[in-house]
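Visitor: Order-wise, the sequence lines are chains A and B. Each residue of the first sequence is one higher than the one before, starting from 1 at the first, in my numbering. Each residue of the second sequence is one higher than the one before, starting from 430 at the first, in my numbering. Cβ coordinates follow ideal geometry from the N, Cα and C atoms, glycine included. Predicted model only: the values in this text are computed from it and were never measured.
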Amino acid sequence: MTQITNNITDVLVIGSGIAGLQSALDIGDSGYNVTIIEKSPSTGGKMISLSKVFPTLDCASCITTPKMAAVLHHPKVKTMTYTEVKAIRKISDGFEVDVEKKPRYVIEEECISCKKCEEACPVYLDDEFEYGLGVKKAISIPFTNAIPQLPVLTESKCIRCGACAKACPKDCIDFLQEPVSMTIKAKAIIAATGYEIVPMGTKKEYSGDTLLNVISSLQSERLLAPHGPYGKVLRPSDGKIPDNIAYVQCASSRDKSIDVPYCSRVCCMYAIKQAMLLAGALPLAEITIYYMDIRAFGKGYEQFYAQARAMGICFVKAKVAKISEDTEHNPILRIDRQEDGSKPQDQTHDLVILSQGILPTRKDFFGLDVALNEYGFIQSAAPTLSPALTNIDGFFVCGVARGPKDIPDTIMEAGSAAMEAVNYIKGKM
Amino acid sequence: MSLKVDTGFIKKIKKYGAFDISACFNCGNCTAVCSLSKEDASFPRKMIRLAQIGAEAEISSSLEPWLCTYCGECSTTCPRQAYPGEFMMSLRRFLISKYDVTKISSFFYKFPFIQNILALLVFIVSLGAFISYHGDFAVLSQKIEVIFPFYISLALLSYIFIMYKRVIFDKYKKVLVSFKMKTILPTITQILKQIMFAGCTELDLWRGMAHVLVMSGYLLTLVISVFHILEPLTIHYNWLSLQSFLVFYSTGAIVLGGLSMMARRTIKKSPSSMFSHSSDWLFVLTIFLIGFSLLITHLANIVMGPQAHGVEMLYKINVAIEVAWILIIVPFTKWIHLFFRPIAIYLQHLKEERDLV
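#1: Can you find at least 3 beta carbon pairs, one from the stretch 456-470 of chain B and one from the stretch 621-641 of chain B, that sit closer than 8 Å?
#2: According to DSSP, is Tyr247 (chain A) helix, strand or coil?
#3: Less than 8 Å between the C-beta atoms of Ala24 (chain A) and Val99 (chain A), yes or no?
#4: Starting from Ala188 (chain A), trace the alpha helix (DSSP H) both ways and give me its first and last residue.
#5: With three or more C-beta pairs closer than 8 Å as the rule, is the stretch 11-30 of chain A touching the stretch 63-78 of chain A?
#6: Are Leu723 (chain B) and Thr650 (chain B) close, meaning C-beta to C-beta below 8 Å?
#7: For Lys532 (chain B), return the contacting residues in chain A, with the cut-off set at a CB-CB distance below 9 Å.
#8: Can you grab the Cα-Cα spacing for the pair Ser570 (chain B) / Val748 (chain B), in whole Å?
#9: Which residues of chain B have a Cβ atom closer than 7 Å to the Cβ of Arg295 (chain A), listed in chain order?
#10: Could you work out which residues of chain B lie near Glu155 (chain A), taking near to mean beta carbons separated by less than 9 Å?
#11: Is it the case that the Cβ atoms of Thr762 (chain B) and Phe704 (chain B) are separated by a distance below 8 Å?
#12: Got a sec, what are the start and stop residues for the beta strand (DSSP E) Gly94 (chain A) sits in?
#13: Taking only the alpha-carbon atoms, compute the straight-line gap between Pro494 (chain B) and Gly446 (chain B) and give it to the nearest angstrom.
#14: What are the start and end residues of the beta strand (DSSP E) that includes Ile353 (chain A)?
#15: For Val97 (chain A) versus Thr193 (chain A), is the C-beta distance shorter than 8 Å?
#16: Quick test of your reading: Ile147 (chain A) and Cys117 (chain A), contact by CB under 8 Å. State the CB separation rounded to the nearest angstrom.
#17: To the nearest angstrom, how far is it from the Cα of Glu741 (chain B) to the Cα of Arg474 (chain B)?
#18: If distances are taken between C-alpha atoms only, which option among A:Ile37, A:Ala87, A:Met68 comes closest to Thr81 (chain A)?
#19: Quick check on the DSSP output: what are the complete beta strand (DSSP E) runs of length 3 or more inside the stretch 339-399 of chain A, in order along the chain?
#20: Quick check on Lys137 (chain A): buried or exposed, where buried means 16 or more other Cβ atoms within 10 Å of its Cβ?
#21: Applying the criterion that 16 or more other CB atoms from any shown protein chain within 10 Å of the CB defines a buried residue, is Val85 (chain A) buried or exposed?
#22: Would you kindly check if the distance between the Cβ of Tyr206 (chain A) and the Cβ of Ile323 (chain A) is under 8 Å?
#23: If you run the structure through DSSP and keep just helix, strand and coil, what is Asn145 (chain A)?
#24: Determine which residues share a DSSP beta bridge with Asp435 (chain A) and list them.
#25: Using the three-state DSSP reduction, which class does Met703 (chain B) fall into: helix, strand or coil?
#26: Can you tell me which of the three DSSP states Asp409 (chain A) falls into?
#27: Using a Cβ cut-off of 9 Å, which residues of the stretch 292-322 of chain A contact any Cβ in chain B, in chain order?
#28: Sorted by chain position, which residues of the same chain lie with C-beta nearer than 7 Å to Arg783 (chain B)'s C-beta, five sequence neighbours on each side aside?
#29: For Arg89 (chain A), does the count of other Cβ atoms within 10 angstroms reach 16, so buried, or fall short, so exposed?
#30: Which residue marks the beginning of the alpha helix (DSSP H) containing Tyr124 (chain A), and which one marks its end?
#31: Straight-line CA distance for His563 (chain B) to Leu492 (chain B)?
#32: Going by alpha carbons, who is nearest to Phe677 (chain B) out of B:Lys697, B:Thr612, B:Ile731?
#33: Check for me: the alpha helix (DSSP H) holding Met269 (chain A) runs from which residue to which?
#34: What does the alpha-carbon distance come out to for the pair Thr5 (chain A) and Ala186 (chain A)?
#35: Identify the continuous beta strand (DSSP E) that holds Met80 (chain A) and give its terminal residues.
#36: Report yes or no: do the stretch 294-308 of chain A and the stretch 263-282 of chain A share at least 3 C-beta pairs separated by less than 8 Å?
In structure tokens form, the structure reads like this:
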């Protein structure tokens, strides 16, 4: 394992989702050096996998990809993808961060992104970018618009046939690469670590991990994305075009029985957005949203909701209690229909989407004693006045790492964190 | 029908059990998850909603609390931890106090220690009276046991009268009865299912068995005492006599089932035993003591014979417990669910039959 030190940067940004990208760009534009550490092989985070964004129905890639490209080409920003933070130590004039760059088994400087290796590879794997809906090769570029456009070899699934090495015109497949550790010194850190969605099996009454036609909201984002796994909306069990689709709101939010008592803030809106996109993709399909209450709180959100109602999307106030399936794998939702009293009912649909809630990515911060709130998100030291401040001097936070929020709020917070970090460094000089 | 919203009702009903239904945001998870809830008898959400708006009259004329067997699935899956199952349990206590014209049950539920002290007092006084009684205790006990059914029937009939009035008469403005097989038959099958809590999605075998044991054991003791089958002060029973068999089954079942119930209420693992109202403990403990003292009395009779002084003393203790039980506990606690559940199921079918017309 090679050890590299003496990497010095002004600000280190952990995470390259929309929050990390935006703060890195803002700091770079102010004339300071930034290093982004991203654990995945591509920048872009969760946002690059979304179809469109609410309430404007802008294409998510069209917002994210230019920022990813801008970061790549920015003279002040250095991006380290496929690299994980191992430890952070607070020192007198900043932080020391141990990182480990994972091997792609490709010589990055030589690769011309021709995809010949990917074409030659005979091994197919579940594609995590499609959340398990599609497949990829054992050596492949993570997704169409990934940046950097470098393939990654999944070492654990590779059968060592050498087909990729033979196909590579630049001879840059290197099976002998090893992880590289290095220590970076930074004056300030911005945590833009984002979120994970609640695992599908968490609420056991929903059997989300076993029923074939019950999918997560991120999976349905991929179904709706222009470059999604099937190119159209099909249900997983038999590839049928679904006629009758249901959304289950608060599927794993606002639920004390699974220890996620808070509201995830985006599910109402993304479900409405997806329902609208579905109505466009499948004009004859019936779309129902089972909700506890619709929280359309942002600018233009209420109008968006009203528009969805006007489009004929059916909103039913009920918390789904149980999900089972019939012999054709049609999910059956058990609800208490509340119009005109109270009637327990079973509703059958072709495809059910669980609006999974949001969990913090990390509960520990690499040995740094960062204060977290009761739900595990980073606690802001001054939530109303300077939301980016944490309990540690020089360690800033933005985006969902601080608590569930939508994309516009995240971008605003990223700008705020960048400004705080720049001011902090200036004060130190 | 206009209804005046009474937000103070939640506070009022809170006195009948430990729970906080103001946490409920009416998502309906409880009703949908409940395997007993049906279109025409939907609970618990509807009941919680009625309580939140203070619809006391609606609640007083409801049957749903008696249809719930408290498997606790609603409580474990409730997103707000509002414990709807415990609320249904508390509603049963509230309903008993509504059926009771004397308002004694309501008083006991609100001040449980008074009921405990009174029960203890009645026990001590009657035991003292029995000990100082120098006549033939066998004759006296027979007389006492004859009074029991009259006393209970009086209480019970008045309860049932009020229940019927509120549920059927006030609603339909006429007296309804039905002897149709399709009303009576499901009533019987549902009662049998309820005894084992078989309507619930997941069968809690331990809970079901404990309930069956205590219920069957207790019913048998009731038969023994009402028909005066046992005369421990005059007849010397042997191990294999029919009476011994009856006593061993009934008391054994009560002791085993009672111990199980107490253990469940102590470890508080399942939602149905997580919260215990003081009256629940009084009920379980006393029924256990009745079974236990009868068992000891009978064993002493077999071993020492009916003339032994110890047997008489034990029998006096047993009867004294029974007196406290009948006077203070039976009419005012969950014991009477034994009768209310079947009647509620019958009335529910009656309502369904009527609404169909």
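Guide: To lay it out plainly:
#1: The stretch 456-470 of chain B makes contact with the stretch 621-641 of chain B: 3 or more CB pairs, one atom from each, lie closer than 8 Å.
#2: If DSSP states are grouped into helix, strand and coil, Tyr247 (chain A) belongs with the strands.
#3: Taking 8 Å as the Cβ cut-off, Ala24 (chain A) and Val99 (chain A) do not qualify as a contacting pair.
#4: Note, Ala188 (chain A): premise wrong, no alpha helix (DSSP H); beta strand (DSSP E) at 180-191.
#5: Three or more beta-carbon pairs separated by less than 8 Å link the stretch 63-78 of chain A to the stretch 11-30 of chain A, which places the two stretches in contact.
#6: Cβ distance < 8 Å, so Leu723 (chain B) and Thr650 (chain B) count as in contact.
#7: Simply none; closest approach about 31 Å.
#8: Roughly 7 Å between the two C-alpha positions.
#9: The contacting residues do not exist; Arg295 (chain A) stays about 13 Å from chain B at best.
#10: Neighbours of Glu155 (chain A) on chain B: none; closest Cβ ~42 Å, over 9 Å.
#11: The answer is no: Cβ separation not under 8 Å.
#12: In this chain, the beta strand (DSSP E) harbouring Gly94 (chain A) covers 94-101.
#13: Straight across, the Cα-Cα distance linking Pro494 (chain B) with Gly446 (chain B) is about 14 Å.
#14: First-last of the beta strand (DSSP E) with Ile353 (chain A): 351-354.
#15: Their beta carbons are not under 8 Å apart, which means Val97 (chain A) does not touch Thr193 (chain A) by this criterion.
#16: Contact flag wrong, Cβ pair sits at about 18 Å.
#17: Glu741 (chain B) and Arg474 (chain B): Cα-Cα distance of roughly 53 Å.
#18: Closest by alpha carbon: A:Ile37.
#19: Entirely contained in the stretch 339-399 of chain A, the beta strand (DSSP E) runs reaching 3 residues are, in chain order, 343-348, 351-354, 358-360, 395-397.
#20: Under this definition Lys137 (chain A) is a buried residue.
#21: So Val85 (chain A) counts as buried.
#22: Closer than 8 Å, so yes.
#23: In the three-state reduction of the DSSP assignment, Asn145 (chain A) falls in the coil class.
#24: Because residue 435 (chain A) is not part of the residues shown, which for chain A are 1 to 429, the question remains open.
#25: Coil.
#26: Helix at Asp409 (chain A).
#27: Under the 9 Å Cβ criterion, the stretch 292-322 of chain A contributes Met292, Asp293, Lys317, Ala318, Lys319, Val320, Ala321, Lys322.
#28: Here Arg783 (chain B) has Tyr601, Leu605 as same chain residues with Cβ atoms under 7 Å from its own Cβ, once five neighbours each way along the sequence are excluded.
#29: So Arg89 (chain A) ends up on the exposed side.
#30: Per DSSP, Tyr124 (chain A) belongs to no alpha helix (DSSP H); it is in the beta strand (DSSP E), 124-126.
#31: For His563 (chain B) and Leu492 (chain B), the distance between alpha carbons rounds to 49 Å.
#32: If we check each option's Cα against that of Phe677 (chain B), B:Ile731 comes out closest.
#33: Looking at the DSSP string, the run of the alpha helix (DSSP H) that includes Met269 (chain A) is 267-281.
#34: In this predicted model, Thr5 (chain A) has a pLDDT of only 49, less than 50, meaning its place in the structure is not dependable; the value taken from the coordinates is given anyway. Thr5 (chain A) and Ala186 (chain A): Cα-Cα distance of roughly 12 Å.
#35: Taken as a continuous stretch (DSSP letters only), the beta strand (DSSP E) holding Met80 (chain A) covers 77-80.
#36: In short, these stretches touch, since the Cβ pair count reaches three.
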